[in-house]
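The structure appears below as structure tokens.
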Amino acid sequence: MELHIVCIPGDGIGPEIVAEAKKVLEKVAEKYGHKLDMKDVLMGGASIDAYGVPLTDETVAAAKAADAVLMGSIGGDPNTSPWYQLPPDRRPEAGLLGIRKALNLFANLRPAYLYPELAAACPLKEEISRAGFDMLIMRELTGGLYFGERRTVTENGVRRAVDTLTYDENEIRRIAVKGFEIARKRRGKVSSVDKANVLDSSRLWRAVVNEVAKDYPDVKLEHVLVDNCAMQLVKDPAQFDVILTENMFGDILSDEASMVTGSIGMLSSASLNDTKFGLYEPSHGSAPDIAGKDAANPIATVLSAAMMLRYSFDLDAEADAVEEAVRQVLKDGYRTGDIMSKGCTLVGCRQMGDLLAERI
Ligand code: IPM
Ligand code: MG
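According to our numbering, the sequence shown is numbered sequentially starting from 1.
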């Protein structure tokens, strides 16, 4: 099979982690007889430096022409990087939001899984981590507060900022369908998260999710208020299978869910539209403090490449092989700095990539 992949190495540790994911993909292609066609394009800070804007039409066009996009991370340190002197719509993050919207990537899948080998890195009490957990956050990615109208005005000498949270029923329905479909392939449970005790957008969310649920009688549905969900994630994460939620709640809850796995350096993500196309990126940021030091953990990016093989190319055996390589490397005791524990072997980003590729 021919795999046309556009890579966005991005900023900070992005180029380092993407290089290791490519290494692993090359090994997969060699072993399973696929042809890789990979091309790098710029986005975020790197694009600002080169073209003055975080996202160019050329990058969008290149992404659209590919089967999938593999991304590292974008952005810099807001306190020191000149990118953050620019107006908000010209900063690195605007590139990421722009490409999500341009490619209609409304479904963001963020799995959070506790590897038994990393149980010691889980910050929760041992009686909680012992139960393990394996959940998937299905976050709506192109609506809500992120894309509603916003403005800052001064009225009678008082500054006022407005952000708008809107959802229409079609936006809710399509992400709910994705959530139920994936729950069916997992453990058959959807926890729909909202703030229906306060927000109209949440009341509509709940109503539409209930309608969609009628087509999935085999999937168990529960509604959880977002504040309660934040609490349950640290109290009893094992209860969750698929968490279905809107954009902003998903942003916050997915960071929380990733942290209870021990390190945000392990968490992959896929952003999908209605076709097989997807953008795959680690859930973590660009970590400018460790950029260029060969200290980053490439596993989240490698696992994102595995999600790409599974969702965009239907290559399940290949995706399994990548995930198994990650498990094996952890079993063999190799760790990057973020997941290091006593008795393990500390390795850098490049060596972690080599070790993973060897195990394909
Ligand atoms: C994420 C990030 C982005 C978001 C930022 C960088 C705009 O936090 O992918 O979770 O809020 O969606
Ligand atoms: Mg986030």
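The beta carbon of each residue, even a glycine, is placed where N, CA and C say it ideally should be. None of these values were measured; they are calculated from a predicted model.
CB-CB under 6 Å to residue i, same chain, minus the five flanking residues each way: which ones, in chain order?
i	result
residue 37	4
residue 120	341
residue 129	119, 122
residue 113	134
residue 186	241
Cα-Cα, which of the options is closest to residue i?
i	options	result
residue 32	322, 83, 73	322
residue 28	279, 342, 306	306
residue 269	262, 309, 239, 230	309
residue 353	330, 132, 184	330
residue 17	282, 314, 289	282
residue 116	348, 332, 359	332
residue 224	53, 317, 246, 23	246
residue 48	30, 94, 23	94
residue 87	35, 277, 138, 151	151
residue 61	50, 80, 40	40
Under 7 Å between the Cβ atoms of residue i and residue j?
i	j	result
residue 267	residue 258	yes
residue 180	residue 219	yes
residue 25	residue 43	no
residue 172	residue 198	no
residue 136	residue 242	yes
residue 300	residue 284	yes
residue 355	residue 69	no
residue 206	residue 196	yes
residue 6	residue 102	no
residue 254	residue 110	yes
residue 438	residue 273	The displayed coordinates of the chain run from 1 to 360. Any statement about residue 438 would go beyond what the structure contains.
residue 108	residue 159	no
residue 144	residue 1	no
Closer than 7 Å by C-beta to residue i: which residues in its own chain qualify, once you throw out the five before and the five after it? Chain order, please.
i	result
residue 340	346
residue 10	43, 44, 46, 71, 72, 73, 74, 286
residue 338	263, 265, 297
residue 177	212
residue 288	12, 76, 77
Can you name the residues that DSSP bridges to residue i?
i	result
residue 245	139, 193
residue 229	According to DSSP, which records beta bridges pairwise, residue 229 is partnered with nothing at all.
residue 223	192
residue 36	3
residue 267	None; residue 267 has no bridge partner.
residue 134	113
Just curious, the alpha helix (DSSP H) that residue i is in, first and last residue?
i	result
residue 126	126 to 129
residue 174	169 to 185
residue 10	That residue, residue 10, is in no alpha helix (DSSP H); its beta strand (DSSP E) goes 2 to 10.
residue 111	No alpha helix (DSSP H) contains residue 111, which is instead part of the beta strand (DSSP E) from 107 to 113.
residue 348	Element bounds for residue 348: n/a, residue is neither H nor E.
Note the first and the last residue of the continuous beta strand (DSSP E) segment covering residue i.
i	result
residue 163	158 to 163
residue 152	150 to 155
residue 120	Taken as a continuous stretch (DSSP letters only), residue 120 belongs to no beta strand (DSSP E), as it is neither H nor E.
residue 279	278 to 280
residue 68	68 to 73
Let me see if you follow: with CB-CB separation under 7 Å, is residue i close to chain B or not?
i	result
residue 308	Absence of chain B from the displayed structure is noted, only one protein chain being present.
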